[in-house]
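These notes are about the structure you will find just below.
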Amino acid sequence: MNQHTRPQSISEQADHLEEEMMHELERVVTKSTLHYLSDGEVKMDTSVGLWAQHPGAVFNMGPDPRLPPMPEKPTLIDYFKCRFAQHAHLLQSATHALKAGCNEKVILACLLHDIAVVSFIRCDHGYWGAQMIEPYVDEEVSWAVRTHQALRFFPDEAAGYPYPEMYVKLFGDDYKPEPYIVAEYERARNHKWYMTSRLICVNDIYSFDPNAKVNLDDFVDIIGRNFRQPEEGLGLDSSPSAHMWRTMMWPNRFL
Ligand SMILES: [Fe+2]
Ligand SMILES: [Fe+2]
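Numbering (this note's numbering), first residue to last: 29 to 283.
Below, the structure is given as structure tokens:
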């Protein structure tokens, strides 16, 4: 009988556990270049540099043990619970749309309009968010999420959307959208789905109300009917944006 088939003694089990813990500790977590760029540094983690600090270390190639564990086949709801840094703004917007009697596409678009900001990246968040959801939702929903990036800078008083006071506070009164945003707005103005995207802006809650009661459970059915959850798990499927979800699940994989 070799040591792999006989049951391990208590001390062997303890040795094994200790060895596993050591490996766990040796699994060095690295950062992507984007994190350094955000800190104003053009630099990157390299294996040589990291080995100088952690001789003989291996690098994390799976889940980051510091983050909430994701289930084997994650759903959009799991990302809401384990990876989105904030739900309140999205839930408030979607609740606003629900109470205003908007259709389910608009409600879903409101629920997802800023997922890029809460989970991933701020710059061009409408474009990133649209790309993340595109394979899983009706084209009108992802179009609306993409386009809200531009529309929110342009008032439409008739639709109930003045230029947000909050933007003056956030960006200053001299902020002018870049030409690519102006061009996006011009293209969107006569588009058949203009109002779907405009309704994201109308239901966008710029002043956060800490007392508003919002609950993700209220939207589980709408998500179920309008978001095509892949069987393999969101991010473990082969859609053109699955890698974006995987990156959120395993943000510190070395490669
Ligand atoms: Fe937004
Ligand atoms: Fe928003």
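From the three backbone atoms N, C-alpha and C, an ideal C-beta is built for every residue, glycine too.
- By the Cβ-count criterion, W79 is exposed, with fewer than 16 other Cβ atoms from all chains shown falling within 10 Å of its own Cβ.
- In the structure shown, V134 falls within a helical segment according to DSSP collapsed to helix, strand and coil.
- Between ligand 1 and R226, a heavy atom-to-CB distance of less than 7 Å is absent.
- Rounded to whole angstroms, the separation of the alpha carbons of G129 and W278 is 38 Å.
- Looking from the CA of M160, the closest CA among N280, I250, Y107, V230 belongs to Y107.
- Contact check for N88 against R217 fails: the beta carbons are separated by 8 Å or more.
- DSSP, read as helix, strand or coil, puts V165 in coil.
- Closest in alpha carbon position to P268, among Q177, V242, E162, is E162.
- The region 130 to 145 and the region 244 to 257 touch, with no fewer than 3 CB-CB distances between them shorter than 8 Å.
- Taken atom to atom, the span from the alpha-carbon of F181 to that of Y203 is near 10 Å.
- Cβ neighbours of R111 within its own chain (closer than 6 Å, five residues either side excluded): S147, M276.
- The way I'd put it, the region 210 to 225 does touch the region 177 to 192; three or more beta-carbon pairs between them come closer than 8 Å.
- Check the Cα spacing between A172 and each of I38, S266, I228, L283: the tightest is with I228.
- For L126 and D152, the gap between their C-alpha atoms comes out near 26 Å.
- In the DSSP annotation of this structure, the continuous segment of the alpha helix (DSSP H) that includes S147 starts and ends at 143 to 147.
- At least one heavy atom of ligand 2 sits closer than 7 Å to the Cβ of S121.
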